[in-house]
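Per our numbering, the sequence shown runs over residues -17 to 443.
Positions of the beta carbon are idealized from the N, C-alpha and C atoms, including for glycine.
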Amino acid sequence: MPSMEVLRTIQGIKLRSMVLDISDGSSEGIVFDSATGVVAICSENYCIQFYSLFDDREVSEVQVCERSHQPADEVTVVVDLVALSPEGSIMITVETRFAEEGIGGLVSLKFWSCSSSNKDFSLSTVVYEPHRDSGISSIAFHPLRHMAVTTSRGADFKVWISSQEMQQKDQMQNAGWTCHSVGSYKKKPMTAAAFSGDGSVLAVAAERVITLWDPERNILVATVGESLEPISSLAFIGKSEYVVTTSQGSKAQVSVWSMSKLSVSWSYKLKIEAVTCAMDDSLFAILALLPKPVGPLMSNEATTLDGDGVILLFRAADHVPIGIWFVRKAKGASLAFIRGSPKSEDGVTDGRSVQLLLAYLSVDHEYMLFDPLNSHTHIHKISRGNLADLEETGKFGYASLYGDLPDFSLERKQAPSITSVPSERYWETLFIGPSHNLPPLAKLCSTFLESLLQKRSSAVE
């Protein structure tokens, strides 16, 4: 008798789940591990999928919420943020449970830890309502310590620290996390945060102003400039003195700020979709949506084409890009610097080691790795999981696995269709079906009571 055991499962990049629009356009449901070339994606069924861009396969999957999602259900829970520590051993997720009938809304901050390269994370700490009634707008990790910061539009930010930092002598496998300090600036919404390359400075965007803090003592050190629109993302450019920020809205722009001069160095008016900075260099790259000119009879303002974009590579001190690449499907796409030596398209590793790669992941799960400093080096390109090889044969889905189906004629005789008449006693089938597919009791109650009442055929005179 043949065995029914599953020997191998092949899984491509899964569909993304719905992500709350809390950062004005950035892809907060996707994060890259630059050291290993693994991308973490908020996928369906409240999971985080870890996918290796080098090996083109799924590494692991983490179930963030215990509740199972059914397509027929109303969306009541959303995993809206995920962040990885620089070494990839700690993960932070944020989930939001929407209120049902005005009751039960909840924001949960979860800390996860793993000790293996397979990304098998285990839950360490859960914090309910970390910023009272406000949601979390961003998460940032300290580059050298087990420290993280969360910002909120409720006008505050919190620094979290692992218990291993406080009790280094104790050996604990699953370390808990506690709040180290709380900060605010003139009751302004805190929209983004980032640590400097050495971790000595914490930059927090207070709406349009960049505030600089000492993360250990929670002391405000300085404030930098004021942007035209609220800042949606913020990052230190490697270990340099520069900070790059992006703003959305009618006056969307990308700006580079000098921390030594506490002023803006240069800026462009562009609608930015993603920003990534090299860890040990002054390089950074942006993904901008391309505007198109409109006719004289239409508006004078430029509009953006969905799907067209450009990747610009800069050095922090120079406003002239050193690399330009035009891409499709840029709306909702992601961008990241990755270090490693991946295999080429023929499956072998080339002789020289590529130190710095740029990864581009579109919303349709097409991704590409290339060397940004060498335009002739094309490392790897994959389309929708692992369908590149199937495009040559023209077979997809069932045909790619089991072959073509036998031909059949559509002119054969078919059984006559049976006309069904709905029953007048439809309340008998009202509660038939699986429990997870039944609507809420509040909606069933009114329908059930109305079915028990006798309807009058004519009005009473």
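(message) Check for me: the beta strand (DSSP E) holding Y250 runs from which residue to which?
(response) S245 to Y250
(request) Please report how far the alpha carbon of L105 lies from the alpha carbon of H124, in whole angstroms. (result) 20 Å
(request) Indicate the three-state DSSP secondary structure (helix, strand or coil) for L269 in the structure shown. (result) In the three-state scheme derived from DSSP, where H, G and I count as helix and E and B as strand, L269 is classed as strand.
(message) Between S163, W248 and V309, which has its C-alpha nearest Y342's C-alpha?
(response) V309
(message) When you compare the segment 201 to 217 with the segment 93 to 112, are there three or more beta-carbon pairs, one atom per stretch, that lie closer than 8 Å?
(response) They do not touch, by the three-pair rule.
(message) Determine whether the beta carbon atoms of T132 and A174 lie at a separation below 8 Å.
(response) Contact check for T132 against A174 fails: the beta carbons are separated by 8 Å or more.
(request) Report yes if the CB atom of C29 is closer than 8 Å to the CB atom of V44, and no otherwise. (result) yes
(request) Could you work out which residue in T58, L66 and D62 is closest to E82 when comparing CA atoms only? (result) T58
(request) Name the residue from G207, E211, I213 and V183 whose alpha carbon lies nearest to the alpha carbon of R199. (result) V183
(message) What does DSSP give as the partner residue(s) for S120 in the beta ladder?
(response) T133
(request) Would you identify the three-state DSSP class for M154, choosing helix, strand or coil? (result) In this prediction, M154 scores a pLDDT of 46, lower than 50, which makes its location untrustworthy; no coordinate-derived value is stated.
(request) Examine the Cβ distances between the segment 81 to 95 and the segment 13 to 21 and report whether three or more of them are shorter than 8 Å. (result) No, because fewer than three Cβ pairs between the segment 81 to 95 and the segment 13 to 21 fall closer than 8 Å, the two stretches do not touch.
(request) For S144, count neighbouring C-beta atoms within 10 Å of its own C-beta (all shown protein chains included) and say buried if the count is 16 or more, exposed if not. (result) buried
(request) Might you give, ordered along the chain, the residues of its own chain that have their beta carbon closer than 6 Å to the beta carbon of K140, omitting 5 neighbours on each side? (result) T132, C161 and V164
(message) With the cut-off set at 8 Å, would you say L216 and A187 are in Cβ contact?
(response) yes
(request) Quick one: give me the first and last residue of the beta strand (DSSP E) that D138 is part of. (result) D138 to S144
(message) Which residue wins for smallest C-alpha separation from A315, given the options A122, L431, Y349 and D180?
(response) For A315, the nearest C-alpha among the options comes from Y349.
(message) Which residue wins for smallest C-alpha separation from R127, given the options S222, G179 and S97?
(response) G179
(request) Could you pull the start and end residues of the beta strand (DSSP E) that L210 belongs to? (result) Element bounds for L210: n/a, residue is neither H nor E.
(message) Just list the residues that DSSP pairs S98 with in beta bridges.
(response) S98 is not bridged to any residue.
(request) Could you check the C-alpha separation between W195 and A256 for me, to the nearest Å? (result) 25 Å
(message) If I measure Cβ to Cβ from Y250 and keep anything under 7 Å in the same chain, skipping five residues before and after, which residues do I get?
(response) Q235 and V236
(message) By the three-class DSSP mapping on this structure, what secondary structure does E40 have?
(response) E40 falls in the strand class under three-state DSSP.
(message) Taking DSSP's pairing of strands, which residues face E82 in a bridge?
(response) I85
(request) Helix, strand or coil for L343, going by three-state DSSP, please let me know. (result) In the structure shown, L343 adopts extended strand secondary structure according to DSSP, grouped into three states.
(request) Can you give me the Cβ contacts of W239 inside the same chain, cut-off strictly under 8 Å, excluding the 5 residues immediately before and after it? (result) Take W239, set aside five residues on each side of it, and the residues of its chain with a beta-carbon closer than 8 Å to its own are I192, V206, G207, Y224, V225, V226, T227, S245, V246 and S247, in chain order.
(message) What residue range does the beta strand (DSSP E) around Q235 cover?
(response) Q235 to S240
(request) Would you give the residue range spanned by the beta strand (DSSP E) that L66 belongs to? (result) V59 to L66
(request) Determine the direct distance from the alpha carbon of L355 to that of H113, and round the result to whole angstroms. (result) Using only the alpha carbons, I get a separation of about 42 Å.
(request) With DSSP collapsed to three states, give me the class of S281. (result) A caution first: S281 carries a pLDDT of 45, below 50, which makes its placement in the model unreliable, though a value can still be read off. Of the three classes helix, strand and coil, the one that applies to S281 here is coil, per DSSP.
(message) Determine whether the beta carbon atoms of S229 and P212 lie at a separation below 8 Å.
(response) yes
(request) Check the DSSP bridge columns for T258 and list the partner residues they point to. (result) A267
(message) Pop quiz: L351 and L317 are said to be a contact at Cβ under 8 Å. What is the actual Cβ separation, rounded to whole angstroms?
(response) Wrong, their Cβ atoms sit about 12 Å apart, outside the cutoff.
(request) Using alpha carbons as the reference points, say which of S344, F319 and A299 lies closest to S242. (result) A299
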